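A.B. asks: Numbering (the numbering used here), first residue to last: 1195 to 1666. Beta carbons: idealized from backbone N, C-alpha and C, even for Gly. These numbers come from a predicted model, not from an experiment. Here you go, one structure.
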Ligand SMILES: [Fe+2]
Ligand SMILES: [Fe+2]
């Protein structure tokens, strides 16, 4: 039995017996999933200094404490309601937002919630071996912080499924624990969430680029006419910010260390001989995770996206910043691939909503890359990192029909095969990374040779704080 108090919440769980019973039924399966598919080797004997969401009060929504991971208090929080909130875009603009799911949009909304929900446990599964190769206790703690919050995001989506989608919703909640990342028979829904994350460069790139796709989707869902969905996702964004911080600063610290090693090596760039991660390898991982995350935004031309917008299910990021919220006439200009040829063209803006969201995403990623390049600049190194062209290495959308180099130039299949190892991580790169990450660093204040320490610790604690401690 669980009691409502064990699940921190602001949804009045103790007075909603039906929901409480449904979650009581689901919770033991969740915990079993966490033990089986969550961080391997860190379930019973380790205490982790994590933050736990305990309210939605912006001045103090979380507290920090040591917990054993399976005892983390996964809670359910909705951002505070906005008084008299109105639908902000599409065909129902100006009407009151929905507190229940309208029958005609039930399937579409369920699909959106399930797709979002599926990514949350998937990333925990992908990352479950990383603790064995961590570069420091600080990083280990950050990994687990991200993991428990992805778990909480699953709770958030399961709350919506149980509360608003009846029987179907309960079935979907079960299936969220049954699919598994990379599983041949029951894979996770989206491709990027079936890729293994076997080393820490993957992890930092994932939290930089793929968690940022999470931000894209959450921004868009937080505009939704379904008010509980909007409020749930708005609060999830608070936690998501930390995940991207982990990714961006993780790469920044690797760059910092790489620059130090390059200087020591006399700018010969053979950083690998000194146990560091060379810039070309970092660039390849940017190419990989950026392109995978672009795919997550869907097809450039999409009637689904148009209907999500028309029906008010999904808006644009920061919808209020746009002038035209109906978008019934507007056209959108983009690069199109027609009969194997690239050309500029126009499509109705509503069918381009995936691309509009992707534009926001690319801009947000670019800001991060610009900040990384300042580190290189500060060290007097002339190399620069860059985002590949958005046509590069695509598996979804019209550009997946052809190959392109990172500058957007079309390539023949043969040329692609010959050159792809220059642009994407190859087995030798991965072997090298595993070789320098073979030994985990569990000593407080110590860092692996390939990464610099952070500028500060967590929540006022020093960098050499024992962020993960072993229970004797
Ligand atoms: Fe998440
Ligand atoms: Fe996340």
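Given residue 1502, which residues of its chain have a CB within under 8 angstroms of its CB, disregarding the five upstream and five downstream residues?
C.D. replies: 1302, 1306, 1508, 1547.
A.B. asks: As a quick exercise: from 1262, 1235, 1264, 1435, pick the residue whose alpha carbon is nearest that of residue 1323.
C.D. replies: The option with the nearest alpha carbon to residue 1323 is 1235.
A.B. asks: In whole angstroms, give me the CA-to-CA distance for residue 1536 and residue 1529.
C.D. replies: Their Cα atoms are separated by approximately 7 angstroms.
A.B. asks: Would you list the one or two residues that DSSP bridges to residue 1203?
C.D. replies: Its beta-bridge partners are 1270.
A.B. asks: What is the C-beta distance between residue 1505 and residue 1362, in whole angstroms, given that I count them as a contact (C-beta under 8 angstroms)?
C.D. replies: So it is not a contact: roughly 19 angstroms between Cβ atoms.
A.B. asks: Please report the distance separating the alpha-carbon of residue 1198 from that of residue 1266.
C.D. replies: The predicted position of residue 1198 is uncertain, since its pLDDT is 47 and thus under 50; a value taken from the coordinates is nonetheless stated next. Cα to Cα, residue 1198 sits roughly 14 angstroms from residue 1266.
A.B. asks: Entirely within the region 1363–1421 and at least 4 residues each: give me those alpha helix (DSSP H) ranges in chain order.
C.D. replies: DSSP runs (the alpha helix (DSSP H)) wholly in the region 1363–1421: 1394–1399, 1405–1415.
A.B. asks: Between 1476, 1257, 1577, which has its C-alpha nearest residue 1442's C-alpha?
C.D. replies: For the residues 1476, 1257, 1577, the minimum Cα distance to residue 1442 belongs to 1476.
A.B. asks: So what's residue 1657 in DSSP terms, helix, strand or just coil?
C.D. replies: Looking at residue 1657 - three-state DSSP - the assignment turns out to be coil, as it is neither helix nor strand.
A.B. asks: Residue 1362: beta carbon under 8 angstroms from a heavy atom of ligand 2?
C.D. replies: Residue 1362 Cβ: outside cutoff for every heavy atom of ligand 2.
A.B. asks: Would you say the beta carbon of residue 1430 is closer than 8 angstroms to some non-hydrogen atom of ligand 1?
C.D. replies: Residue 1430 Cβ: within cutoff of ligand 1.
A.B. asks: Hey, quick one: how far does the beta strand (DSSP E) through residue 1531 stretch, first residue to last?
C.D. replies: That run of the beta strand (DSSP E) goes 1525–1532.
A.B. asks: Report the partner residues of residue 1259 according to the DSSP bridge assignment.
C.D. replies: According to DSSP, which records beta bridges pairwise, residue 1259 is partnered with 1244.
A.B. asks: Give me the DSSP bridge partner(s) of residue 1597.
C.D. replies: Per DSSP, 1605.
A.B. asks: Roughly how far, in whole angstroms, is the beta-carbon of residue 1295 from the beta-carbon of residue 1359, given that I think they are within contact range, below 8 angstroms?
C.D. replies: Indeed, because the Cβ distance is near 7 angstroms, the residues count as touching under 8 angstroms.
A.B. asks: Whole angstroms are fine: how far does the CA of residue 1224 sit from the CA of residue 1316?
C.D. replies: Distance between the alpha carbons of residue 1316 and residue 1224: 13 angstroms.
A.B. asks: Using the rule of at least 16 other Cβ atoms within 10 Å of the residue's Cβ for burial, across every protein chain shown, is residue 1585 buried or exposed?
C.D. replies: Buried.
A.B. asks: Span of the alpha helix (DSSP H) holding residue 1497?
C.D. replies: From DSSP, the alpha helix (DSSP H) with residue 1497 extends over 1497–1504.
A.B. asks: For residue 1395, which of 1426, 1568, 1446 has the nearest alpha-carbon?
C.D. replies: Residue 1395 has its Cα closest to that of 1446, out of 1426, 1568, 1446.
A.B. asks: Should residue 1512 be flagged as near chain D, meaning a C-beta pair shorter than 9 angstroms?
C.D. replies: Absence of chain D from the displayed structure is noted, only one protein chain being present.
A.B. asks: Using 10 angstroms around the beta-carbon of residue 1427, count the other beta-carbons present and answer buried if the total reaches 16, otherwise exposed.
C.D. replies: So residue 1427 ends up on the buried side.
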